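J.:
In the working numbering, the protein residues as written are 354 to 583.
1. Just checking my contact of residue 426 with residue 469 at CB under 8 Å: how many whole Å lie between their CB atoms?
2. What is the DSSP secondary structure of residue 459, counted as helix, strand or coil?
3. Given a threshold of 16 other Cβ atoms within 10 Å of its Cβ, counted over all protein chains shown, does residue 511 qualify as buried or as exposed?
4. For the alpha helix (DSSP H) holding residue 387, just list the boundary residues, first then last.
5. What are the uninterrupted segments assigned as beta strand (DSSP E) that are 3 or more residues long and contained completely in the stretch 407-471, given in chain order?
6. Using the Cα positions of residue 383 and residue 410, report the straight-line distance between them to the nearest angstrom.
7. Have a look at residue 437 and residue 417 and give me their C-alpha separation to the nearest angstrom.
8. Would residue 500 pass as a contact of residue 518 if the rule is Cβ separation under 8 Å?
9. Taking the alpha-carbon positions, what's the residue 525 to residue 395 distance?
10. How should residue 403 be labelled, buried or exposed, when 16 other C-beta atoms within 10 angstroms of its C-beta is the threshold for buried?
11. Measure the alpha-carbon distance for residue 341 versus residue 534 and round it to whole angstroms.
12. Between which two residues does the alpha helix (DSSP H) containing residue 495 stretch?
13. Counting only the same chain and skipping the five closest in sequence on each side, list residues whose C-beta sits under 7 Å from that of residue 496.
Laid out in structure tokens, this is it:
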């Protein structure tokens with residue numbers, strides 16, 4: 354999801370929502386599937402980030418799911434992005450002579466919606482879906498920073514221990530095939546932790562870009578109004 358600035362960002366999965374949700378559950382079980390190294394301190398370190406990694410996964414894919422649902426509400430193809438969704442919403446309002454019934458304020462870089470409760474159902478559902486995208490993007494950015502700090506601290510500890518990993522494993526009584534297996538599992542766990550941390554960082558960046566794109570699209574479609582200066 355690295356191309357939020359182009360037409361391939363935040364793509365809706367090419368499958369039904371029910372299959373998509375089942376897939377999410379399976380994927381969640383894999384994001385922190387650490388293998389035993391059989392060294393208590395090392396294993397405890399990896400275990401300490403299982404919950405943060407699973408939570409990060411939930412935030413990432415809550416955003417993905419909200420974008421999937423937004424595309425469906427807007428009746429757009431799978432590859433549509435948030436800018437196209439905003440333009441679709443604006444087009445529906447214009448065709449229904451409802452220009453002005455929905456407005457977006459830029460409040461410190463966050464889109465804030467104001468809309469009539471008498472909007473036609475489809476338009477209202479689309480606006481609500483867009484709001485949900487923003488809410489989930491903000492949750493990812495805000496909470497992702499806290500999670501990343503935890504992951505970074507554990508990464509630092511693991512890297513320090515990796516310098517003496519052969520000695521640490523030998524002092525735990527691991528020899529031969531068990532020693533080799535422990536080394537392999539340690540390398541696997543470290544790669545898994547690094548990969549998931551990178552995914553979280555990229556998702557945070559993409560979420561910020563998505564919010565900015567919504568503001569840009571709101572401006573070009575005349576949905577954006579200036580906030581009153583205090």
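Note that CB positions come from ideal geometry on N, CA and C, so glycine has one too.
Bear in mind that the values here come from a model prediction, so they are computed numbers and not experimental data.
T.: Let me spell this out:
1. About 18 Å separates the two Cβ atoms, so there is no contact after all.
2. strand
3. buried
4. Neither: residue 387 is in no alpha helix (DSSP H) and is coded neither H nor E.
5. 455-460 and 463-468
6. 10 Å
7. 16 Å
8. no
9. 11 Å
10. exposed
11. The chain is shown from 354 up to 583; residue 341 falls before or after that span and cannot be answered.
12. 474-515
13. 412
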